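Report on one structure; see the data block that follows.
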Ligand code: NDP
Ligand code: MG
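In the numbering used here, the protein residues as written are 1 to 385.
Next up, the structure:
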């Protein structure tokens with residue numbers, strides 16, 4: 001029997017983390033759980049640990065450590081707490097794949113630690129590429145640590161590019177569902193509620209990315225993610241609103257051909273692909289019916305109602321530390337919206353004000369980016385107050 005592939009799931013209590021565990025459960029002959037990590041949801045982390053029996057777990061919120069440690073005392077599972085533990089567990093020699101699925105800037109350092117340990121990275125945490133794409137791509141080459149995208153659009157592009165020369169890419173069509181507010185007027189957008197914004201038409205996801213999908217900032221972050229993953233220029237990326245969410249993205253080549261990847265909108269498909277690449281594995285997710293999906297539509301995004309897209313493209317083109325500023329301001333603004341402190345339409349305003357007044361650093365180091373992130377958060381918080 002072949003050795004099972006051992007997987008560390010960073011952020012196992014989240015939407016991606018839970019779906020990754022489902023993929024592993026359904027393929028127990030191929031995959032096993034080596035490490036699980038969570039931030040505060042200690043009870044779910046405990047349940048998952050008892051079910052999957054990883055070698056180690058990390059709870060980054062240290063206040064939860066005693067509770068997790070005691071609950072797992074009779075199992076052969078090492079329990080660690082804190083951010084530094086996260087950076088250490090990802091280097092364990094027993095790990096084959098690290099699924100980076102912590103949300104936000106908080107996922108950056110552990111992703112970098114896993115890359116430096118030469119692990120295969122299944123990358124869901126798009127924010128780490130947005131903030132530090134240059135550094136991450138360089139490190140991934142230096143440490144021979146392949147990055148396989150989990151984000152559905154980037155998995156689609158990655159799949160379209162298997163066997164291709166990236167020099168032959170003419171354009172990437174990054175598809176977007178358009179979110180729950182696609183057909184609203186600017187005036188209607190002023191009054192949308194948090195509850196409306198959390199109702200995504202096609203995907204069940206964590207709160208932060210669900211709000212990013214409603215503002216279309218998610219697509220802006222994904223454009224920056226694509227730029228780094230596929231080494232393409234901002235002008236080669238076109239956002240296409242495709243409300244059915246069946247085509248997950250497309251690549252147009254210089255010879256006039258365009259390739260697309262289609263499936264039901266189910267994140268377990270790209271998660272599974274990232275785990276099994278370069279192979280494909282048979283799965284019950286193989287139930288896509290083309291005749292039930294015989295109407296596929298495409299529109300240009302509304303840049304007036306959804307200014308976040310232009311802000312992200314501005315940051316992508318200027319590069320340096322500006323994508324980091326964009327991301328930090330967005331995390332703060334989305335969090336404020338999730339706590340009913342600001343209106344939906346205030347989110348891009350806070351990002352814009354933070355972004356346009358920031359000290360530009362052309363080639364930031366990792367410590368410059370950590371400082372940029374801190375300062376951008378402070379500025380955005382002041383704007384909210
Ligand atoms: P969730 O909010 O559902 O889950 C986030 C996970 O990260 C949880 O396990 C959470 O732990 C953990 N976490 C939160 N804050 C911290 C922190 N400060 N330190 C350590 N761990 C932390 O997010 P999603 O699963 O939706 O998204 C995860 C990533 O994947 C994001 O970058 C997102 O953009 C990307 N992604 C998600 C998709 C989706 O369908 N959900 C699709 C494509 C990309 P706890 O639960 O204990 O708080
Ligand atoms: Mg996506």
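Note that beta-carbon positions come from the ideal geometry of N, C-alpha and C, so glycine has one too.
Since the structure is predicted, the reported quantities are computational estimates derived from the model, not experimental observations.
- Comparing alpha-carbon positions, the option among 315, 382, 363, 323 lying closest to residue 341 turns out to be 382.
- Residue environment for residue 348: buried (at least 16 other C-beta atoms within 10 angstroms of its C-beta).
- Residue 319 is not a Cβ neighbour of residue 355, given a cutoff of 8 Å.
- Only buried fits residue 77, as 16 or more other CB atoms lie within 10 angstroms of its CB.
- Per DSSP, the unbroken alpha helix (DSSP H) holding residue 71 starts and ends at 65-71.
- Distance from the CA of residue 39 to the CA of residue 353, rounded to the nearest whole angstrom, comes to 30 Å.
- Near ligand 2, meaning a beta-carbon closer than 7 Å to one of its heavy atoms, we find 151, 152, 153, 218, 222.
- When rounded, the separation of the alpha-carbon atoms in residue 197 and residue 2 is 46 Å.
- With a cut-off of 7 Å, the C-beta of residue 39 is classified as near ligand 1, since at least one heavy atom of the ligand falls inside that distance.
- Residue environment for residue 218: buried (at least 16 other C-beta atoms within 10 angstroms of its C-beta).
- When Cβ pairs closer than 8 Å are counted between the two stretches, the stretch 126-136 is seen not to touch the stretch 65-76, the count staying below three.
- For residue 178, same chain residues with a beta-carbon under 6 Å away, outside a window of 5 residues either side, are 241, 243 in chain order.
- In this structure, residue 51 has its beta carbon at no less than 7 Å from each heavy atom of ligand 1.
- Straight-line measurement puts the Cα of residue 37 at about 40 Å from the Cα of residue 188.
- In this structure, the CA atom of residue 84 is about 13 Å from the CA atom of residue 10.
- By the neighbour-count criterion, in which 16 or more other beta carbons inside 10 Å mark a residue as buried, residue 257 falls on the exposed side.
- Per DSSP, the unbroken beta strand (DSSP E) holding residue 33 starts and ends at 31-38.
- Judged by DSSP secondary structure, residue 136 falls within the alpha helix (DSSP H) whose first and last residues are 126-142.
- DSSP, reduced to helix, strand and coil, places residue 60 outside both helices and strands of the structure shown, so it counts as coil.
- Per DSSP, the unbroken alpha helix (DSSP H) holding residue 47 starts and ends at 42-52.
- In this structure the stretch 269-279 does not touch the stretch 200-211; the number of beta carbon pairs closer than 8 Å is below three.
- Contact annotation, residue 5 with residue 99: C-beta distance approximately 11 Å; criterion of less than 8 Å not satisfied.
- Per DSSP, reduced to three states, the secondary structure at residue 154 is helical.
- Residue range 207-215 is occupied by the alpha helix (DSSP H) that includes residue 208.
- Contact between residue 220 and residue 309 is confirmed by a C-beta separation of about 5 Å, below the 8 Å threshold.
- With the rule of 3 Cβ pairs closer than 8 Å, the stretch 277-290 does not count as touching the stretch 170-184.
- The beta carbons of residue 329 and residue 380 sit closer together than 8 Å.
- Assigned with DSSP and collapsed to three states, residue 362 falls in coil, not helix or strand.
- For secondary structure counted as the beta strand (DSSP E) over 3 or more consecutive residues, the stretch 169-195 holds these complete runs in sequence order: 169-176.
- Between residue 101 and residue 134, the C-beta spacing is not below 8 Å.
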